[in-house]
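Data block below; observations after.
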Amino acid sequence: MSNILVRPDFEPEHHNDVLEKHAPPRADLFEAARDILPFEIQAEPTCLHSFAATVCRTNEWAAWNGYTTPQTYVSLASEYEALHAQAALADMSWLTKYRISGPQAEEFLQKLVTRNVAALPVHRAARVFFCDMGGKIVGEGVLFRLEEEEYRLTVEGNHLDWLDATAEGFNCAVEDISGTLGCLALSGPQAVSIARQRFGDAVAALPAGHAVWAELHAAPVYISRTGSLGREGFEIWVDAEDAPVIWGSLLRHHKDLLRPAGLAACELRRLERGIARFGRDYFGAECAVDPEAARTPYELGAGAFVDLEKGPFNGRAALAKAKEKGAEWSLVALEVSGGEQANFAAVYCGDDRAGSATSTGWSPVLCANIALATIRTETLAADEGFNVHAEFPGEVAVRRARLPAKIARRPLF
Amino acid sequence: MMEHDLAYDAIVIGAGHNGLVAAAYLAEAGKRVLVLEAGSDVGGAAVTAEIAPDYMSSAGAHLLYAWPQRIEKDLKLAKHGFEMASRDMVTVALDKDGKHLVLPASSRADIARLKDRSPRDAEAYGPFMKRVQRYAGLLQPLLEKGLPVPGEGAKQAATDALSLIWRFEKMGEEDRQELGRFLPASMAQVLDRTFEDPLIKAALAMDATLGHHMGPKSPGSAYQYIYRLAQQNIAGGKMGYPAGGIGALPQALARLIGESEGRVRTNSQVRHILVSPDGRTEGVVLTDGTKFHAPIVLSSLDPRRTYLDLLGSAHLAPEQTRRLGSWRMQGACAKINLALEGLPIIEGLEEREYGGRWLIAPDMTAMERAFVAAKRNELAVDPIMEIVLPSYHDPRAAPPGHHTMSILLPHVPYELEGGWEARRDEFTKRVVDAVAVYAPDIKIKLIAGEILTPPEIERRFGAPGAGWHQGDMSLDQTLLFRPGYGLSHDEGPVEGLYLCGSGTHPGGGLTGEPGRLAAAHVLEGGSAHV
Ligand SMILES: Cc1cc2nc3c(=O)[nH]c(=O)nc-3n(C[C@H](O)[C@H](O)[C@H](O)COP(=O)(O)OP(=O)(O)OC[C@H]3O[C@@H](n4cnc5c(N)ncnc54)[C@H](O)[C@@H]3O)c2cc1C
Numbered sequence: 009m010s011n012i013l014v015r016p017d018f019e020p021e022h023h024n025d026v027l028e029k030h031a032p033p034r035a036d037l038f039e040a041a042r043d044i045l046p047f048e049i050q051a052e053p054t055c056l057h058s059f060a061a062t063v064c065r066t067n068e069w070a071a072w073n074g075y076t077t078p079q080t081y082v083s084l085a086s087e088y089e090a091l092h093a094q095a096a097l098a099d100m101s102w103l104t105k106y107r108i109s110g111p112q113a114e115e116f117l118q119k120l121v122t123r124n125v126a127a128l129p130v131h132r133a134a135r136v137f138f139c140d141m142g143g144k145i146v147g148e149g150v151l152f153r154l155e156e157e158e159y160r161l162t163v164e165g166n167h168l169d170w171l172d173a174t175a176e177g178f179n180c181a182v183e184d185i186s187g188t189l190g191c192l193a194l195s196g197p198q199a200v201s202i203a204r205q206r207f208g209d210a211v212a213a214l215p216a217g218h219a220v221w222a223e224l225h226a227a228p229v230y231i232s233r234t235g236s237l238g239r240e241g242f243e244i245w246v247d248a249e250d251a252p253v254i255w256g257s258l259l260r261h262h263k264d265l266l267r268p269a270g271l272a273a274c275e276l277r278r279l280e281r282g283i284a285r286f287g288r289d290y291f292g293a294e295c296a297v298d299p300e301a302a303r304t305p306y307e308l309g310a311g312a313f314v315d316l317e318k319g320p321f322n323g324r325a326a327l328a329k330a331k332e333k334g335a336e337w338s339l340v341a342l343e344v345s346g347g348e349q350a351n352f353a354a355v356y357c358g359d360d361r362a363g364s365a366t367s368t369g370w371s372p373v374l375c376a377n378i379a380l381a382t383i384r385t386e387t388l389a390a391d392e393g394f395n396v397h398a399e400f401p402g403e404v405a406v407r408r409a410r411l412p413a414k415i416a417r418r419p420l421f
Numbered sequence: 007m008m009e010h011d012l013a014y015d016a017i018v019i020g021a022g023h024n025g026l027v028a029a030a031y032l033a034e035a036g037k038r039v040l041v042l043e044a045g046s047d048v049g050g051a052a053v054t055a056e057i058a059p060d061y062m063s064s065a066g067a068h069l070l071y072a073w074p075q076r077i078e079k080d081l082k083l084a085k086h087g088f089e090m091a092s093r094d095m096v097t098v099a100l101d102k103d104g105k106h107l108v109l110p111a112s113s114r115a116d117i118a119r120l121k122d123r124s125p126r127d128a129e130a131y132g133p134f135m136k137r138v139q140r141y142a143g144l145l146q147p148l149l150e151k152g153l154p155v156p157g158e159g160a161k162q163a164a165t166d167a168l169s170l171i172w173r174f175e176k177m178g179e180e181d182r183q184e185l186g187r188f189l190p191a192s193m194a195q196v197l198d199r200t201f202e203d204p205l206i207k208a209a210l211a212m213d214a215t216l217g218h219h220m221g222p223k224s225p226g227s228a229y230q231y232i233y234r235l236a237q238q239n240i241a242g243g244k245m246g247y248p249a250g251g252i253g254a255l256p257q258a259l260a261r262l263i264g265e266s267e268g269r270v271r272t273n274s275q276v277r278h279i280l281v282s283p284d285g286r287t288e289g290v291v292l293t294d295g296t297k298f299h300a301p302i303v304l305s306s307l308d309p310r311r312t313y314l315d316l317l318g319s320a321h322l323a324p325e326q327t328r329r330l331g332s333w334r335m336q337g338a339c340a341k342i343n344l345a346l347e348g349l350p351i352i353e354g355l356e357e358r359e360y361g362g363r364w365l366i367a368p369d370m371t372a373m374e375r376a377f378v379a380a381k382r383n384e385l386a387v388d389p390i391m392e393i394v395l396p397s398y399h400d401p402r403a404a405p406p407g408h409h410t411m412s413i414l415l416p417h418v419p420y421e422l423e424g425g426w427e428a429r430r431d432e433f434t435k436r437v438v439d440a441v442a443v444y445a446p447d448i449k450i451k452l453i454a455g456e457i458l459t460p461p462e463i464e465r466r467f468g469a470p471g472a473g474w475h476q477g478d479m480s481l482d483q484t485l486l487f488r489p490g491y492g493l494s495h496d497e498g499p500v501e502g503l504y505l506c507g508s509g510t511h512p513g514g515g516l517t518g519e520p521g522r523l524a525a526a527h528v529l530e531g532g533s534a535h536v
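If you want it as structure tokens, here you go:
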């Protein structure tokens with residue numbers, strides 16, 4: 009992430025706690041030389057790939073959830089600004105999407121996820137977690153109820169095998185429909201007004217978590233008031249073939265207000281929203297090499313998504329125990345003082361290691377370094393404050409300093 | 007009062023010997039148990055049946071090689087009419103030239119015979135047996151009790167693990183390394199290092215492969231050998247044959263249950279295990295719709311049928327569904343039971359050796375060939391056999407002077423190229439011809455015979471895939487992995503449901519141990535519910 013906003017009066021030397029003056033050269037100078045392992049090569053294009061490519065000026069791409077997606081289109085600053093001040097359109101088609109249907113779809117989902125699915129009405133969406141026998145999260149995502157007996161589950165990662173194993177014995181079908189469905193996230197202060205103009209009042213008036221069918225250029229679109237980019241946001245679900253039409257039409261008709269936003273801006277926005285990301289801020293139980301690296305929903309602060317009373321589901325017994333015992337780890341948002349972008353990972357409580365920051369970034373709107381970090385719950389009660397050992401990337405050498413940090417309410421912005 | 011209104015303390019599904027042992031222990035403890043058996047007779051693969059009028063044989067299993075006297079004593083089976091006809095059967099590896107081998111070679115005469123075949127092997131035999139016995143000694147305590155569940159109640163687990171580590175350490179560096187090489191090795195590798203005589207190698211390899219989906223060259227077969235040794239040691243180390251044939255054992259167990267407050271009901275196939283909304287076992291439903299209620303259900307069926315078919319995977323965690331989906335039940339075998347007009351004469355065989363367990367397995371190559379043939383759905387050119395003469399131990403099995411012969415054939419394909427119907431006679435002829443190589447008069451003395459092909463064994467004894475053990479006994483399917491975390495006796499996916507058949511620890515063979523341990527779990531851990 010480039011340095012997009014630095015408070016002009018800020019000088020790191022003001023910190024009296026500078027650890028090293030003559031530091032070794034920056035390790036990331038040689039980053040490009042890192043070998044890419046064969047299994048890391050992921051270049052599946054999304055249904056919007058060629059259209060995104062034509063507007064991607066930076067030619068910076070990221071491999072994300074098995075797809076190639078623009079990191080930035082023009083500049084991080086302008087895309088971030090659009091998300092905050094106007095509106096941005098992001099290609100989220102790289103999401104993994106499962107269609108779950110059949111007479112026992114609800115029973116199956118009740119067993120799969122920790123939340124009470126019976127309480128989810130048609131055309132509603134809910135954030136859900138699914139756990140293993142030990143109560144550790146296998147995956148998380150958003151569940152939509154499209155019809156009485158049809159659902160869509162959107163996740164990151166590949167969970168078909170897990171879903172299949174859970175679905176055994178239920179009269180329902182689970183299909184991976186990722187490739188057939190595009191997803192466009194429309195977000196920002198102007199998003200509602202754009203939605204009203206393009207899709208009508210019903211869409212614009214959607215309360216959070218609700219969804220509705222609409223139409224644009226004769227293409228049916230399913231629009232939900234969901235997404236991780238901000239309070240004012242929609243996700244537009246559309247057939248992969250129609251996705252370019254919707255994408256083009258929105259960008260053309262609202263070119264003064266709407267810009268495409270790449271992954272970098274979206275990730276920064278997610279961080280500001282304080283939303284933990286699967287596979288980044290914590291590992292799924294099935295991919296964690298060290299089982300200790302997997303988390304229960306309680307440890308993510310997502311206890312509200314676990315309904316121990318709803319009847320049997322995967323991991324219930326273990327979660328009941330985990331709840332009683334209390335979470336050993338807590339996922340928290342941190343705000344780190346100091347007005348310059350810094351790199352850090354380890355989080356300390358006084359002089360003791362308390363945990364690690366897993367997503368970090370410089371938030372221009374807050375003018376602060378922010379992070380999501382997993383720390384030992386007991387340190388939350390400690391009198392001593394948190395701090396991080398930060399590195400300030402310079403030209404050739406690294407400056408290091410210990411910066412005080414404090415737990416921030418989520419969303420941070 | 008209608009019978010299904012009767013309240014039972016526990017229901018046992020399947021009246022195989024393990025189901026009956028479990029039920030008998032519960033009955034002895036004063037519980038009211040109901041045993042439900044799909045077939046018309048009790049015993050599962052352990053039954054005595056007629057080959058022809060007046061000629062009886064053990065139709066399926068035909069030898070007690072690991073039947074613990076402890077169970078006999080605990081349950082006072084003698085009081086219920088159970089009696090052993092022989093308690094000290096030897097293994098006789100038949101030789102085409104009459105230079106047979108007797109194992110275990112404990113007497114001077116037996117060792118002399120071994121020396122006669124190979125002086126080198128006679129010397130190697132003692133140290134080899136000592137070594138493998140040490141390994142078996144390490145395993146044995148793990149088979150004698152229910153295995154600890156990781157996580158909760160880890161104290162016992164820790165004690166057991168520490169004791170195992172201590173004994174492992176005590177073995178000494180050389181032995182430890184050797185054991186490390188031994189466990190994943192094939193029996194052929196182990197034996198080729200130690201012996202030169204093909205016959206002794208084949209005889210020892212038989213115990214590593216019989217009833218398993220393995221040939222002597224299969225990796226992991228050496229472990230099977232150690233496992234069987236440990237099972238045998240728990241039982242006292244001797245092979246035996248009951249008066250009245252193998253079927254006498256389940257019959258005695260069923261009598262015991264009938265004389266208590268329990269009940270054994272045949273022709274009662276269970277279709278479903280009933281589960282309450284809060285996830286507890288409530289009872290079972292039969293295929294005819296009859297319901298029986300009890301707070302405890304023990305299933306002597308293999309884990310896959312118990313959990314996937316009778317319970318339903320809706321009650322399982324995905325980890326468990328996956329585990330059960332990959333549960334292997336292979337190693338089909340066939341049986342041929344013959345009625346003979348007299349004792350088949352084998353040259354060079356001493357009188358007492360007619361009461362032995364005969365092996366027809368000339369060398370490990372023939373055994374491996376038979377295994378490979380079975381893998382390819384073909385018949386072995388030289389069938390491998392384990393033979394017992396029931397009438398030798400039990401004169402009631404045949405008219406005076408006449409005899410019955412029970413032939414067990416491992417490495418026979420479940421699905422035969424060309425179909426079993428078309429090739430039954432060809433198979434029988436091959437087997438009889440092969441026996442005739444050793445006992446030439448068998449063809450003249452033969453008056454009747456019955457053959458049980460693998461599909462018939464499956465149907466008749468309810469043994470899935472005609473396998474021995476309700477699941478291969480490889481390293482990944484034994485001990486803690488039999489059948490796996492959260493699926494074993496004491497911590498099933500629904501409360502009150504226990505496994506008690508050979509598909510659970512400590513596994514297959516006529517040992518009664520899975521049944522005994524399951525009953526112990528119910529009585530200790532589950533006593534609050536009974
Ligand atoms: C051909 C053959 C030869 C063998 N030879 C020997 C030997 O010589 N020595 C030895 O020690 N071991 C031998 N074995 C292995 C040994 O017989 C088995 O390990 C043992 O019988 C397993 O006993 P069990 O009680 O666990 O299960 P099983 O004997 O399989 O009993 C399960 C019972 O459940 C019943 N059942 C199935 N489905 C249902 C249902 N839905 N409802 C109610 N009842 C049901 C079945 O009919 C059966 O009676 C042999 C096995 C075979 C197949």
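The listed protein sequences derive, respectively, from chains R and Z.
Sequential numbering of the first sequence, starting at 9, is according to my numbering.
Sequential numbering of the second sequence, starting at 7, is according to my numbering.
Glycine is no exception: its CB is placed at the ideal position from the N, C-alpha and C atoms.
Small disclaimer: the values here were computed from a predicted structure and weren't measured.
Range covered by the beta strand (DSSP E) that runs through residue 107 of chain Z: 107-109
On the criterion of 16 or more Cβ atoms from any shown chain inside 10 Å, does residue 308 of chain Z qualify as buried, or is it exposed? buried
Cβ pair residue 134 of chain R, residue 146 of chain R closer than 9 angstroms: no
So, is the C-beta of residue 7 of chain Z closer than 9 angstroms to a C-beta in chain R? Reliability of the predicted coordinates at residue 7 of chain Z is poor, the pLDDT of 40 falling under 50, and no value is obtained from them.
Just to make sure I have the definition right: I need the residues of chain R whose C-beta is within less than 7 angstroms of the C-beta of residue 324 of chain Z. Which are they? 170, 173, 174, 322
Is residue 494 of chain Z near ligand 1, going by C-beta to nearest heavy atom under 8 angstroms? no
Please state whether DSSP places residue 249 of chain Z in a helix, a strand or coil. coil
Is there a Cβ from chain R that is less than 9 angstroms from the Cβ of residue 219 of chain Z? no
Consult DSSP for residue 179 of chain Z and reduce its assignment to one of helix, strand or coil. helix
Of all the options Z:251, Z:517, Z:386, Z:313, which has the alpha carbon lying nearest to the alpha carbon of residue 53 of chain Z? Z:251
Which class does residue 152 of chain R belong to by DSSP, given the choice of helix, strand or coil? strand
Buried or exposed for residue 348 of chain R, going by 16 or more other Cβ atoms inside 10 Å? buried
Contact check, residue 251 of chain R vs residue 208 of chain R under 8 angstroms by CB: the rounded distance? So it is not a contact: roughly 20 angstroms between Cβ atoms.
Within the 9 angstroms Cβ cut-off, does residue 319 of chain Z reach chain R? yes
How about residue 149 of chain Z and residue 421 of chain Z: do their beta carbons lie closer than 9 angstroms? no
Could you please give me the residues that DSSP links to residue 255 of chain R through a beta bridge? Partner(s): none; residue 255 of chain R has no beta bridge.
Could you pull the start and end residues of the alpha helix (DSSP H) that residue 399 of chain Z belongs to? 396-399
Quick one: list the residues of chain Z neighbouring residue 119 of chain R, beta-carbon separation under 8 angstroms, in chain order. 320
Excluding sequence positions up to five away, which residues of its chain have a Cβ less than 7 angstroms from the Cβ of residue 29 of chain R? With a pLDDT of 46 at residue 29 of chain R, under the threshold of 50, the predicted position of this residue should be treated as unreliable, and no value is reported.
I'd like the span of the alpha helix (DSSP H) that includes residue 401 of chain R, first residue to last. Residue 401 of chain R -> not in any alpha helix (DSSP H); beta strand (DSSP E) instead, spanning 394-401.
Check whether the stretch 268-286 of chain Z and the stretch 302-316 of chain R are in contact - that is, three or more C-beta pairs closer than 8 angstroms. no
Ignore the nearest five residues each way along the sequence and tell me which others in residue 31 of chain R's own chain have a CB closer than 7 angstroms to its CB. Because the pLDDT at residue 31 of chain R is just 49, under 50, the model does not fix this residue reliably, and the point stays unresolved.
Quick check on the DSSP output: the alpha helix (DSSP H) that includes residue 421 of chain R runs from which residue to which? Note, residue 421 of chain R: premise wrong, no alpha helix (DSSP H); not H, not E.
For residue 77 of chain R, name the three-state secondary structure that DSSP assigns. strand
Just verifying my parser: in three-state terms, what is the DSSP assignment at residue 227 of chain Z? helix
Where does residue 305 of chain Z fall in DSSP's three states? strand
Host alpha helix (DSSP H) of residue 278 of chain Z (start-end): Segment 276-281 is the beta strand (DSSP E) holding residue 278 of chain Z; no alpha helix (DSSP H) there.
Just to confirm, does residue 224 of chain Z get its C-beta within under 8 angstroms of one of the non-hydrogen atoms of ligand 1? no
Taking residue 230 of chain Z and residue 215 of chain Z to be in contact with their CB atoms under 8 angstroms, please state how far apart those CB atoms are, rounded to whole angstroms. 7 angstroms
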